[in-house]
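J.:
Residue numbers (the working numbering), protein chains in the order written: chain A, 1 to 212; chain B, 1 to 264.
1) Can you tell me whether residue 19/B is buried or exposed, with buried defined as 16 or more other CB within 10 angstroms of its CB?
2) Are there three or more Cβ pairs, one per stretch, closer than 8 Å when the segment 57-64 of chain A is compared with the segment 79-94 of chain A?
3) Find the residues of chain B that neighbour residue 69/A, judging by a C-beta separation of less than 7 Å, and give them in chain order.
4) Between which two residues does the beta strand (DSSP E) harbouring residue 207/B extend?
5) If you count every other CB in all the chains shown that lies within 10 Å of the CB of residue 117/B, and 16 or more means buried, which is it?
6) Compare the C-alpha of residue 150/A against each of 167/A, 84/A, 101/A, 172/A and name the closest.
7) List the residues of chain B whose Cβ lies closer than 7 Å to the Cβ of residue 84/A, in chain order.
8) My output table needs one value for residue 264/B: the three-state DSSP class, helix, strand or coil.
9) To the nearest whole angstrom, what separates the beta carbons of residue 203/B and residue 215/B, a pair I think is in contact under 8 Å?
10) Out of 23/B, 244/B, 231/B, which has the shortest C-alpha to C-alpha gap to residue 164/A?
11) Taking 7 Å as the threshold (beta carbon to beta carbon), is residue 4/B in contact with chain C?
12) To the nearest angstrom, report how far apart residue 50/B and residue 87/A are at their CA atoms.
13) What does residue 58/A touch in chain B if you count any residue whose Cβ is under 7 Å from its own?
14) Which residues in the same chain as residue 27/A place their Cβ atom closer than 8 Å to its Cβ, once the five residues preceding and following it in sequence are excluded?
15) Taking the alpha-carbon of residue 242/B as reference, which of 255/B, 54/B, 106/B has the nearest alpha-carbon?
16) Between the segment 165-194 of chain A and chain B, which residues of the former have CB atoms less than 8 Å from a CB of the latter, in chain order?
17) Answer yes or no: does any C-beta atom of chain A fall closer than 7 Å to that of residue 79/B?
18) Please list the partners that residue 79/A has in chain B, where partner means a Cβ-to-Cβ separation under 9 Å.
19) Does residue 197/A get closer than 7 Å to chain B when you measure Cβ to Cβ?
20) Since residue 153/B meets chain A, which of its residues come closer than 9 Å, beta carbon to beta carbon?
21) I'd like to know if residue 211/A contacts chain B, where contact means its C-beta is closer than 7 Å to some C-beta of that chain.
22) With distances taken from CA atoms, which of 46/A, 140/A, 70/A is nearest residue 79/B?
23) In the DSSP output, what is residue 244/B paired with across the bridge?
24) For residue 144/B, return the contacting residues in chain A, with the cut-off set at a CB-CB distance below 9 Å.
25) What in chain A is Cβ-close to residue 229/B, meaning under 8 Å?
26) Secondary structure at residue 29/B, three-state DSSP: helix, strand or coil?
27) So which residues of chain B does residue 93/A contact, with C-beta pairs closer than 8 Å?
28) Measure from the alpha carbon of residue 14/B to the alpha carbon of each residue in 211/B, 30/B, 4/B, 2/B, then state which is nearest.
29) Residues of chain A with a CB under 7 Å from the CB of residue 282/B: which are they?
30) Helix, strand or coil for residue 182/B? Go by DSSP, reduced to three states.
31) Strictly under 7 Å for the Cβ-Cβ distance: is residue 240/B near chain A by that measure?
32) On the criterion of 16 or more Cβ atoms from any shown chain inside 10 Å, does residue 146/B qualify as buried, or is it exposed?
33) Could you name each continuous alpha helix (DSSP H) segment of 4 residues or more that falls completely within the segment 142-193 of chain A, going from the start of the chain to the end?
34) How many angstroms separate the CA atom of residue 166/A from the CA atom of residue 12/B?
35) Could you confirm whether any beta carbon from chain B is found closer than 7 Å to the beta carbon of residue 88/A?
36) Could you tell me which chain A residues have their CB closer than 8 Å to the CB of residue 15/B, listed as they occur along the chain?
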């Protein structure tokens, strides 16, 4: 694996996300405001999904963007888009919170709940201002909807509950290998489905930086 | 671990489902792995990282952005002066007053006017941005409240009253939207929690399993408002809900007195 190369990958790029990162590195607060406007709704949804608590989710949002501000120089564009980097940070912060709360609000998911969850995802109805985000979200939802319920379940337990594959196997009372396969096949399928489709937001989008 | 075994684990590594020891083994392997294997893991990591895009979204509370910016400003104020801002003290240019013809008082008048003007425009600017923030805040609040209202009047929504047990005056209204698996709970007249305790809300299933939902502390008036999103698999076999007083940080299973209880 390549080493992170702080600062070395921030040459001008047609995508305005990299320009935003450059401005963050130069301590431009408006750039953080713009990044926040773009991704806060997803970060909040993620934090809420993980912690199940709006107060905790709010703290996670602030902590995550604070970390983005402090670590902008460590962003490595070869490792994925800015959004993915922001969400990865937010997931870690939210799982930290979850562990600190020492809660384990989990039971074995059943199929009905699975179907219900999928339907809920499919008809997310919060009005979205950001056209790019809407488009990308529907791509990811579409890819997720193509997985089998058990693949989705294993992926969700790993991602949103921070469980290891051994813990998932124990919780679902399934062999370790089965869980390993479900996650692997599920992620590979999503990758195939999303390959070449995910894009970076470009300059001049309607969600252009708001100056605070 | 064998090389092919490690390769097998790469998807688990990408989604963060490995214990730390195994994860670092995979990481070590990847450092010298062929480029296509490295690329595959990077791609799977990206796919996993983008999963949150699929989540249903609710409006983000407006005050959060302010909280973030306040934190930024505070940190900036506390940070030691940067080299560039320290530079002027290093090169002090002696000030020589230019020869002027105006009277001293006229000059002071000019300075005073400039200062007043600058202060005034600063004030207006500040006020303007404060008003904009307040307006946005209010708009968000209205949006949230109208969403709550929409929930309340939706045919899918059910309302349940929880009765006080250990403290009979306490009560709560639970508004739940079954298809969305969302709960709003409005608690009132709950006694203040002692410093070493927290209230804990539980989901109780038809199999009598008690699942921790949330920790909370009521405000000075004994009120608390909880918004919950039901965990996977709970909604379909929920039988009851209860609030107990537990040691600070909560318990895995209820141990304390029951303060509120309701059957669904």
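Backbone N, C-alpha and C define an ideal beta-carbon position, used for all residues, glycine too. Model, not experiment: these values are computed from the prediction.
T.: According to the structure data:
1) exposed
2) yes
3) 72
4) Neither: residue 207/B is in no beta strand (DSSP E) and is coded neither H nor E.
5) exposed
6) 172/A
7) 46, 49, 50
8) coil
9) With a Cβ gap of about 14 Å, residue 203/B and residue 215/B do not count as contacting.
10) 23/B
11) Absent here is chain C; the protein component of the structure consists of chains A and B.
12) 7 Å
13) 61, 64
14) none
15) 255/B
16) 165, 166, 168, 180, 183, 184, 187, 188, 190, 191, 194
17) no
18) 42, 45, 46
19) no
20) Here the premise fails: no neighbours, minimum Cβ distance about 16 Å.
21) Here residue 211/A scores only 37 on pLDDT, less than 50, and its place in the model is too uncertain to base an answer on.
22) 70/A
23) 200/B, 258/B
24) Those within 9 Å of residue 144/B in chain A number zero; the least Cβ separation is about 10 Å.
25) 48, 49, 52
26) helix
27) Neighbours of residue 93/A on chain B: none; closest Cβ ~13 Å, over 8 Å.
28) 30/B
29) As shown, chain B starts at 1 and ends at 264. That puts residue 282/B outside it, with no answer to give.
30) strand
31) no
32) exposed
33) 149-161, 165-172
34) 11 Å
35) yes
36) 155, 158, 159, 183, 187
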